[in-house]
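Residue numbers (the working numbering), protein chains in the order written: chain A, -12 to 431; chain B, 45 to 478. Idealized CB from N, CA, C, for every residue including glycine. Working notes for the structure below.
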């Protein structure tokens, strides 16, 4: 089967200050987006001060030093502009989306915000309060609680992925630390900037190249974190008590593989068949379709630059949890040992190739894809020749890869729900550690 | 854009609306049935939602779950949702699979199997979904608020239904509902994306859907406004650490000429950092951590909702008073030309970015056609915006955002986190020191 796509004609260059800039004309509609990817994210937070990267990005969005945050917001919102920021583990995305007619006003303002943010004390206090309130709300979300404890159990405190922002860590963060974070970590080198919209390449460069180039600042691009993940030698089980819930939410999983691993794509196909493929997946078939024990179940292969995770998540009535986990383990084990069928692989490949059209629909998706490619050092040909990566995959390859890179005999299992009912059901899997929702995941 | 949208009606009453969009080789095919919880009664509360689930559990030509699998297998995705007035089925696929989707939708429109055993299994799934929703303390409290708000109205029970009826509704009752409401004359078929021509599409659809009989009893209700709606205040203690106040006002139906003025006012009063609520309640007075609002218009009536989250050291009365002040100020002084211009720019920007997605456009057209009665309402919104006067805006606020019709819900945490309490106190002190 085939997938045909050619990226629109772009121009790409590394500016003198180190920013890789991609100019992407798109005249479908009279809009413009400017999106900056900074190669630093949550993993750059110092231990005990998780939330610093997010506070820094949030504070940058409050505007440049030449304006109050109210003045800045007025200018942007009056023009109909949308500012956005997304702090991931390894990078941060900051951008603006506007009508093209507002470009000459808003683009310089946006860039001033990036390069000379105000980092105002009053805004910092307000943002911090907002984040603390948001963290309070998270105690009511069983999925968030489960994921937090899963990461803590799998990675441990020494690994940046094991640590999440909390009330305690955010409360500790000072404006001085945020300012230091900005000063030391945010800078042009190794950034990727995509400028996309209703403008020719020449015109874009004439308008804005000098602006983007005029950001001179050193920055530290090494998080200096330990990314080693130790192999599980036994099941690690946690129960977080939520007695008022009639359902239990559970996450099972183990370590995965990094994005650039040679077997990433075959394993992605395998994941689709096991649990990523919605109603086409084995887990959905067993747990929802056949038995009705859940509204939804899915598995995810999440890969970062240095490591990854594999997780299966679902919710079910508390009394059924043991049965559901046994079924999940059964489906998983059978899959690892027997591998997928050729028919399953064929359908998975069809999905992956067919779905690419949606992943590339619209300006925002193309920009996102370009940034993703560049972060992992890939060129556009990776997508344009995607069929050649997918088509050779067959049952033999996947079976081999499952055995070599995915045959784990131990899990991290985290259950959120009524502890008194869950404990007995998880006994066969190991000895759990017990937590209340507000407990520090590393306290025990 | 209006001139690019084409429509046709089959003899059996099925209305087809289509829009060609060939920049990406995908197509979105959506069937919007003009039925939802508004057509339910005691004994079958939740039936529309249950039926939505069963629509994926097999028809004459399609085995259980096969619809979703076939869509996935070609790289597409499908979904469905049930609301008060509509039930919508969304399929987005690479363009070469348009015919397959039409075949699937036509088959399940007339030939749903409703297998007994599968029904019982799916009932369990829906009960799980019910519990997932009810385990969210804020969602659960809002459901109760909503029940009071829409008292004595067909909207009173939400599309989620009641646990009792979900557990007891019979397969035969579901089939009666299906036969009555899932008919071509009670549906809209919307297609947006890369297809060769409207005429080709209409012919294809006629081939698949043309033989389906129209319904016998699908006359939908005429507009049912809310009856006299007196002011109410509720407090609920919840397992949620953040205090929240919600205030709701009854609104007109979605198709009303007053809906647009209320939408504009909502942007000004509650959306973004330059909104009045944010500037006054969050920034200037430091009363709330966040404040916002939204309008939810439906076919017969709706709700203008305003909300604020705050720290436990703040009195809910102050929050309620602060929200009220913003509304009264608008009613008294109206809004500025600058604010109107801001709304125009925000609307134009978001509308323009929406044009990139076939599925999104399809949803907008489908929703507008079924709930407003005319898809042109959505398309014309920007033009109508230009014609609105400030007096019309003030008049809409005065007519609908009335204190004597307001419902308020105060969600008070069962436990107070001392850390959040302290944070709230500290942020009160700091600005004064400056």
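{"Asked": "Reduced DSSP secondary structure (H/G/I, E/B, other) of residue 178 of chain A", "Found": "coil"}
{"Asked": "Ranges of the beta strand (DSSP E) found wholly within the stretch 338 to 396 of chain B, counting only runs of at least 3", "Found": "346 to 353"}
{"Asked": "Neighbour flag for residue 112 of chain B against chain A, beta carbons, 8 Å", "Found": "yes"}
{"Asked": "Neighbouring residues, chain A, relative to residue 136 of chain B (Cβ below 8 Å)", "Found": "345"}
{"Asked": "Same chain only: Cβ atoms within 7 Å of residue 95 of chain A, ignoring 5 sequence neighbours per side", "Found": "198"}
{"Asked": "Inter-stretch contact (C-beta, 8 Å, three-pair minimum) for the stretch 248 to 263 of chain A and the stretch 328 to 340 of chain A", "Found": "yes"}
{"Asked": "Residues of the stretch 398 to 419 of chain B whose Cβ lies closer than 8 Å to any Cβ of chain A, in chain order", "Found": "399, 400, 401 and 402"}
{"Asked": "Residue 318 of chain A versus A:292, A:239, A:-8 and A:381, residue with shortest Cα-Cα distance", "Found": "A:239"}
{"Asked": "Against chain B: residues of the stretch 40 to 69 of chain A by CB proximity under 8 Å", "Found": "56, 57, 60, 61, 64, 65, 66, 67, 68 and 69"}
{"Asked": "Identity of the residues DSSP links to residue 237 of chain B by a beta bridge", "Found": "B:64 and B:71"}
{"Asked": "Same chain only: Cβ atoms within 7 Å of residue 473 of chain B, ignoring 5 sequence neighbours per side", "Found": "With a pLDDT of 49 at residue 473 of chain B, under the threshold of 50, the modelled position of that residue is not reliable, and the figure given next carries that caveat. Taken in chain order, the list of residues that qualify is empty."}
{"Asked": "Distance between residue 405 of chain B and residue 16 of chain A (C-alpha atoms, nearest Å)", "Found": "14 Å"}
{"Asked": "Separation of residue 109 of chain A from residue 477 of chain B, as counted between CA atoms", "Found": "For residue 477 of chain B, the predicted structure reports a pLDDT of 32, less than 50, and the residue's modelled location is therefore unreliable. A value from the coordinates is still provided. Taking the straight line joining both Cα atoms gives about 11 Å."}
{"Asked": "Closer than 8 Å to chain A by CB, residue 476 of chain B", "Found": "Residue placement at residue 476 of chain B is flagged as unreliable, the pLDDT there being 36, under the threshold of 50; a coordinate-derived value is accordingly withheld."}
{"Asked": "Rounded separation between residue 475 of chain B and residue 230 of chain B - CA only", "Found": "Because residue 475 of chain B sits at a pLDDT of 42, beneath the cut-off of 50, its placement in the model cannot be relied upon, and the point is left open."}
{"Asked": "Contact check, residue 402 of chain B vs residue 72 of chain B, beta carbons under 8 Å", "Found": "yes"}
{"Asked": "Neighbour flag for residue 85 of chain A against chain B, beta carbons, 8 Å", "Found": "yes"}
{"Asked": "Under 9 Å (Cβ pairs) to chain A, residues found in the stretch 333 to 365 of chain B", "Found": "333, 334, 353, 354 and 355"}
{"Asked": "Under 8 Å (Cβ pairs) to chain B, residues found in the stretch 272 to 288 of chain A", "Found": "272, 275, 276, 277, 278, 279, 280, 281 and 282"}
{"Asked": "Residue 356 of chain A, enclosing alpha helix (DSSP H) - first and last residue", "Found": "350 to 362"}
{"Asked": "Any chain B beta carbon closer than 8 Å to residue 231 of chain A", "Found": "yes"}
{"Asked": "Cβ-based contacts, 8 Å cut-off: residues of the stretch 174 to 204 of chain A near chain B", "Found": "none"}
{"Asked": "Reference residue 163 of chain B; option with closest CA among B:200, B:132, B:214 and B:146", "Found": "B:214"}
{"Asked": "Residue 78 of chain B (DSSP reduced to helix, strand or coil)", "Found": "coil"}
{"Asked": "Where residue 340 of chain A meets chain B, residues with beta-carbon distance less than 7 Å", "Found": "119"}
{"Asked": "Between the CA atoms of residue 47 of chain B and residue 432 of chain B - distance to the nearest angstrom", "Found": "24 Å"}
{"Asked": "Residue-level contact to chain B via CB, residue 292 of chain A, 8 Å cutoff", "Found": "no"}
{"Asked": "Interface flag, residue 390 of chain B vs chain A, CB-CB below 8 Å", "Found": "yes"}
{"Asked": "Proximity below 8 Å, CB of residue 247 of chain B to CB of residue 233 of chain A", "Found": "no"}
{"Asked": "Limits of the unbroken beta strand (DSSP E) element including residue 203 of chain B", "Found": "No beta strand (DSSP E) holds residue 203 of chain B; DSSP gives it neither H nor E."}
{"Asked": "Limits of the unbroken beta strand (DSSP E) element including residue 287 of chain A", "Found": "284 to 290"}
{"Asked": "Those residues which DSSP pairs with residue 23 of chain A across a bridge", "Found": "A:81 and A:180"}
{"Asked": "Same chain, Cβ closer than 7 Å to residue 232 of chain B, five either side skipped, listed in chain order", "Found": "59, 61, 76, 410, 413 and 414"}
{"Asked": "Limits of the beta strand (DSSP E) - the one that residue 49 of chain B falls within", "Found": "49 to 53"}
{"Asked": "Under the three-state DSSP convention, the category residue 61 of chain A falls into", "Found": "helix"}
{"Asked": "Minimum Cβ-Cβ distance from residue 454 of chain B to chain A less than 8 Å", "Found": "no"}
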